[in-house]
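In what follows, a single structure is set out as structure tokens and then discussed.
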Amino acid sequence: MRRFMTVENNQNTDFLCLECGHINENNSELICQPCQTPLDKTFYDLLINYSLRAIRYGYNYRTNYERQVKSKGKINEKYSLLDPQNEVQWLAAAALSGVAGNLVYDTIKHVAKQIKIRLTEKSKTIELKQVDKDTFEIVSDEQTLAKFVLYIQNYYKGNAKLDKRVADAIAEEEIVHAMTEGKSEQLTNTLSKQENGKAMQKMFLEMFKNGAEEAKKLRQQGPTPQQLEKLFSLVKKNRGNPVDKKTKNKKASAKRKK
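The sequence shown begins at 29 in this note's numbering and counts up one residue at a time.
Written out as structure tokens, the structure is:
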């Protein structure tokens, strides 16, 4: 069973500060080094888990199926795509902070720059996995990055203007994942008990119905617009150049003396 990347199961305890946008590495205290903000683990896991789904269905599957529609006029090939890794989930979290209409360009640049440096250093010691190469491509090209941000935000808003062929294919992927994810043993046991074709067909129809309901619930299990609006307040306030709390206190003290 695949596990979501949360602060509890991420062995390196790397996390993105939701206040100043700094990527903390090997930080088991879960207090951001530059701004000293404690990490809200519950909300962080909610945001990161939703980011994974937004990347998987809102960007990865969408770009692949749009490519098919553009070149062939239809979707005749389905994919089983790799799940995102830490870095691109952090980038998606930054993108989501703008769904309420906030200008997030500084936040995106700030996070993307750190990810690019991180992956560049990583590539010096080991060969990057394909998912890392894809992430590096996103943060290295402004047009690709802008497309990524737009697609992540569109997913959160419901993909209202998406081509119906692409939207239907994505919805099917969401349902199939909801039907099967973490349930392989249960499915095997259920299938082994079916004795005829009609029973099998009835079972799959019931599974698909349950999967559709579960997929709908998962769509709704994301952060609220109000929560997203509050993200990365230091980055937004300082236009991509956040100051730590010590510096903020010094500035406030100097202003009072004047």
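We put the CB at the ideal spot given by N, CA and C, even for glycine.
- At a cut-off of 4 residues, the continuous stretches assigned as alpha helix (DSSP H) that sit fully inside the region 48 to 127 are 69 to 81, 89 to 100, 114 to 124.
- Per DSSP, residue 181 is one residue of the alpha helix (DSSP H) stretching across 170 to 185.
- Excluding residues up to 5 positions away in sequence, 35, 43, 45, 46, 58, 59, 60 lie with their Cβ nearer than 8 Å to the Cβ of residue 67 in the same chain.
- The beta carbon of residue 103 lies closer than 6 Å to those of 93, 96, 193, 197 in the same chain, with the five residues before and after it left out.
- In this structure, residue 166 keeps its C-beta atom at 7 Å or more from the C-beta atom of residue 120.
- Its Cα nearest to that of residue 52, the residue 139 stands out among 236, 139, 206, 205.
- DSSP places residue 260 outside both helix and strand once states are collapsed to three, so it counts as coil.
- Counting along the chain, the unbroken alpha helix (DSSP H) around residue 198 starts and ends at 192 to 208.
- Straight across, the Cα-Cα distance linking residue 136 with residue 144 is about 12 Å.
- Scanning its chain for C-beta atoms nearer than 8 Å, with the 5 sequence neighbours on each side dropped, one finds around residue 251 the residues 71, 74, 75, 78, 124, in chain order.
- Residue 127 and residue 184 do touch by the CB rule: their CB atoms are close to 5 Å apart, below 8 Å.
- Inclusion of residue 117 and residue 80 in the CB contact set at 7 Å is warranted, their separation being smaller than that value.
- Taking 7 Å as the cut-off, the Cβ atoms of residue 206 and residue 243 count as close.
- For residue 44, the three-state secondary structure derived from DSSP is strand.
- Looking only at 178, 132, 98, 162, the smallest Cα-Cα distance to residue 256 is reached by 132.
- Excluding residues up to 5 positions away in sequence, 49, 125, 135 lie with their Cβ nearer than 6 Å to the Cβ of residue 260 in the same chain.
- In the DSSP assignment, residue 153 falls outside any alpha helix (DSSP H), carrying neither H nor E.
- In the assembly as shown, residue 233 is an exposed residue. Its beta-carbon has fewer than 16 other beta-carbons within 10 Å.
- Rounded to whole angstroms, the Cβ separation of residue 55 and residue 41 is 6 Å, and the two are in contact under 8 Å.
- A Cβ-Cβ contact shorter than 7 Å links residue 163 with residue 115.
- Within 10 angstroms of the beta-carbon of residue 170 lie fewer than 16 other beta-carbons, which makes it exposed.
- Note that the C-beta distance between residue 85 and residue 202 is below 7 Å.
- Within its own chain, the residues whose Cβ lies closer than 8 Å to the Cβ of residue 105, once the five positions on either side in sequence are excluded, are 96, listed in chain order.
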